[in-house]
Amino acid sequence: MAPNFIQEQLSLAYVRAVVFRSGLRLSRPDVDDHGIDGTIVDPDRRGVNRVDFQLKSTASYGTTDTAVGYDLRVQNYNQLIIEDDVPRILILFIMPEDDGQWLLQDEEELCLRKCAYWVSLMGMLRSLNSSTQRVSVPLANIFDQNGLRRIFDQLI
């Protein structure tokens, strides 16, 4: 199986685990033609109760003290900057370089390594680059249960 496909599926498993553990719902479109990989829904919220997301995973990344740098395809970037009634975020799942460390398990635990982070690019300027746009994903924006609460509180 292709490593990119495995990365994609493991990153989706991570997002699903966090979303469902938080008591929220996740849906995925039948066709990905608008750069949206899924929607997180808070059924207890009134009004706008959802956030669309695009999910990326990588084992090759650069970090500073405060952020992860990621080269996003321009088409994907320009889809994420659109201001819409339903907020959009990028979720970036960081994986170890050694694919033997991506998923570890024994009789006591199943460990999906490393971590996912999120960023909202809404309102950013349209990229005129030809292929990729470097985005900065804050290390403070961990995609976990607390992070999901922050996403809904800040963006909706």
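Quick note, the working numbering runs 1273 ahead of the 1-based positions in the sequence shown. All C-beta atoms in this analysis are idealised placements derived from N, C-alpha and C, irrespective of residue type, glycine included.
For F1278, the uninterrupted alpha helix (DSSP H) run begins and ends at 1276-1294, by DSSP.
Around the C-beta of S1400, 16 or more other C-beta atoms lie within 10 Å, and the residue is accordingly described as buried. Put simply, the backbone Cα of R1289 is about 18 Å away from that of N1277.
In the structure shown, the three-state DSSP call for G1311 is strand. Of all C-beta pairs linking the segment 1329-1345 to the segment 1280-1299, three or more are shorter than 8 Å, placing the two stretches in contact. Non-local C-beta neighbours of V1341 in its own chain, meaning closer than 7 Å and more than five positions away in sequence, comprise Y1334, L1365, I1367, Y1390, V1410, L1412, ordered along the chain.
Here DSSP, grouped into helix, strand and coil, assigns L1428 to helix.
The C-alpha of D1310 is placed about 9 Å away from the C-alpha of S1300. Within its own chain, the residues whose Cβ lies closer than 8 Å to the Cβ of P1369, once the five positions on either side in sequence are excluded, are A1332, W1375, R1386, K1387, listed in chain order.
When the Cα atoms are used, V1324 and Y1287 turn out to be separated by approximately 17 Å. For G1373, the secondary structure class from DSSP, reduced to helix, strand or coil, is helix.
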